[in-house]
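Worksheet: one structure, shown below.
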Amino acid sequence: KIPFQVSIGVESGSDYILNNVCDRKCTKVQILEAFEILNKRKIRTNAFFMIGFPFEKRDDVFSTIELCRVIKPSVASVAIFQPLPGQRITQLCIEKGFISGREPMATFTSHSLLNMPKPYLSSREIHDLWRTFMLYSSLPDEFYDDIGKCEKDIENNRELFDSLIKLRWDNFDLAKGKGDTRLISDAPCEINTIKSN
């Protein structure tokens, strides 16, 4: 038996973002069906998510979190949208005034370059949701209030945040010991980034 992994750029759980912003040719239903087939066959999966898209609202991010919970990838990661030169979506950001088009490009950032008016997400809200995305998507709903405290005010909830991160990894290790690798894990560098904030 040859071990392998299927990696899928899911991007968003919001139909609006997938269809109108990303111009994706696949639907959320197709994503659900693909992961159902892969999970049924016990094929290791890696799901890539992104938040901070132009026109994204909080409900869109939580649609993405919910999709992550439902598809149960073996591994999941989340990044913040970066408007790269030459992309249609970048031109849209310039036209709408979300960026000037002269921003310095980075290979990895933990913040959004977009400056969007309400009702869209602010750069700070995007960063806070990025920091807590894996907690929302992997811990039971009963922890949402505590995760929300950490999302809104990390400075005064650092100890709570660290305990939630530990709980998440403890649950992952417990499930892994039972042979279940279908829990969400993120890259160690993401945890390091979180702890350095």
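No gaps in the numbering here: position 84 of the sequence shown is 69 in my numbering, and each next residue is one more.
Glycine included, every Cβ here is placed at the ideal spot set by N, Cα and C.
query, result
"Considering only residues of the stretch 73 to 112, which uninterrupted alpha helix (DSSP H) runs meet the minimum length of 4 residues and lie entirely inside it, listed in chain order?", "73 to 80"
"Please name the residue or residues paired with Ile36 in a DSSP beta bridge.", "Ile65"
"Beta strand (DSSP E) containing Ser(-8): first to last residue?", "-10 to -4"
"Are the stretch 81 to 90 and the stretch 54 to 72 touching, with three or more C-beta to C-beta distances below 8 Å?", "yes"
"Rounded to whole angstroms, what is the Cα-Cα separation between Asp45 and Leu124?", "19 Å"
"Across which residues does DSSP place Arg29 in a beta bridge pair?", "Gln(-10)"
"Taking contact to mean 3 or more Cβ pairs, one atom from each stretch, closer than 8 Å, check whether the stretch 98 to 106 and the stretch 11 to 26 are in contact.", "no"
"Identify whether Leu23 lies in helix, strand or coil by the three-state DSSP scheme.", "helix"
"Roughly how many angstroms lie between the CA atoms of Ser62 and Gln15, to the nearest whole one?", "20 Å"
"Is Thr75 near Ser(-1), with beta carbons less than 8 Å apart?", "no"
"Assuming Ile132 is part of the alpha helix (DSSP H), what are its boundary residues?", "129 to 137"
"Report all residues from its chain with a CB closer than 7 Å to the CB of Phe146; omit the five preceding and five following residues, and keep chain order.", "Cys135, Ile139"
"Grab me the residues of Phe20's own chain with a C-beta within less than 6 Å of its C-beta, minus the 5 sequence neighbours each way, in chain order.", "Ile56"
"Thinking just about the alpha-carbon of each residue, which of Ser(-3), Asp8, Ile2, Thr12 is nearest to the one in Phe34?", "Ser(-3)"
"Can you name, in chain order, every residue of its own chain whose Cβ lies under 7 Å from the Cβ of Thr117, other than the five neighbours on each side?", "Ile132, Cys135, Glu136"
"Quick one, are the C-beta atoms of Arg153 and Leu120 less than 8 Å apart?", "yes"
"Which residues mark the beginning and the end of the alpha helix (DSSP H) in which Thr49 is found?", "43 to 56"
"Roughly how many angstroms separate the alpha carbons of Ile179 and Arg73, rounded to a whole number?", "Residue confidence is low: Ile179 scores 32 on pLDDT, short of 50, so the model does not pin down where it sits. Its coordinate-derived value is still stated next. Taking the straight line from one Cα to the other gives about 31 Å."
"Using CA atoms only, rank isn't needed, just tell me which of Thr30, Ile36, Pro104 is closest to Ile111.", "Ile36"
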